[in-house]
Amino acid sequence: MGIDSVVQAGPVIPVLQFQSVDEGVAVCRALYAGGIRTFEITMRTPVALDVIRAVARDLGGDAIVGAGTLTRPEHFQQARDAGAVFAVSPGITPALAQAQAKSGLEWLPGIATPSELILALEFGLGTLKFFPAEAAGGIPMLKSIHGPFGDVRFCPTGGITPKTAPDYLALPNVACVGGSWMVPKDKIADGDWAGITALAAEAAALKR
């Protein structure tokens, strides 16, 4: 599966952080029930790799399980070994690009400037994460860089809300958006899986 297939699988990629394997499986089941098929499980907690492994095994089928917040070269092989089919990073460096190529894992690297975008293109990467989206200029920035980089597609992430997501998705160079609004901490704490499923259904129904 190529990275283009990952970003085209749905209008929203949920950005997820879990404290336990059980929590991760329960939340991803709730998201899946709402129509979400792509999952970015961030490597910000000690259980992240175990969650990736468990969710990939639990959902199987058409679920696309990825690893997020890959900031060190060794993360790529670790994520692949855990069962991730794609990786997301907040930035891009030559060392990360080399590690990604060696691992064979599909990659959505983050960029925030034209220079970083050009670096990504030099490594043959044309589908990118725009991060942090709102802080880096948001929709006006994406409109501005569409002219000189018309073939590049983005998954803007960072500060996007249910209200602003449709405006991002309406841009010709946006394939999908990333966000965490479908998994509010209070609903996770309360075990409100039905509430998360409802939010997921709204996100999955967004138009592109």
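So that you can map any letter, position 84 of the sequence shown is 84 in the UniProt record's numbering, and since no number is skipped, the others follow by simple counting.
Glycine residues also receive a C-beta, built at the ideal position from the N, C-alpha and C atoms.
- request: Check each candidate in Val-12, Asp-22 and Met-1 and name the one with the smallest Cα separation from Tyr-168.
  value: Cα-wise, what sits closest to Tyr-168 is Val-12.
query: For Arg-72, is the classification buried or exposed, using 16 other Cβ atoms within 10 angstroms of its Cβ as the cut-off for buried?
result: Here Arg-72 is exposed, its C-beta having fewer than 16 other C-beta atoms within 10 Å.
- request: Could you say if the stretch 159 to 166 and the stretch 188 to 198 meet the contact criterion of at least three C-beta pairs nearer than 8 Å?
  value: Contact between the stretch 159 to 166 and the stretch 188 to 198 is absent: fewer than three C-beta pairs spanning the two stretches fall below 8 Å.
- prompt: What residue range is occupied by the uninterrupted alpha helix (DSSP H) comprising Leu-119?
  reply: Bounds of the alpha helix (DSSP H) holding Leu-119 are 114 to 122.
- prompt: On the premise that Phe-130 lies in contact with Leu-119, defined as a C-beta separation below 8 Å, what is that separation, rounded to the nearest angstrom?
  reply: In this structure, Leu-119 and Phe-130 do not form a Cβ contact; the two beta carbons are roughly 14 Å apart against a cut-off of 8 Å.
field: Residues bridged to Gly-66 [DSSP beta-bridge criterion]
entry: Paired residues: Glu-40 and Phe-86.
- prompt: How many Å lie between Met-1 and Ala-30 at the Cα?
  reply: The C-alpha of Ala-30 is placed about 24 Å away from the C-alpha of Met-1.
task: Out of Ala-48, Phe-123, Met-43 and Val-174, state which residue places its alpha-carbon closest to the alpha-carbon of Ala-97.
output: Comparing C-alpha distances from Ala-97 to each of Ala-48, Phe-123, Met-43 and Val-174 shows the shortest one belongs to Phe-123.
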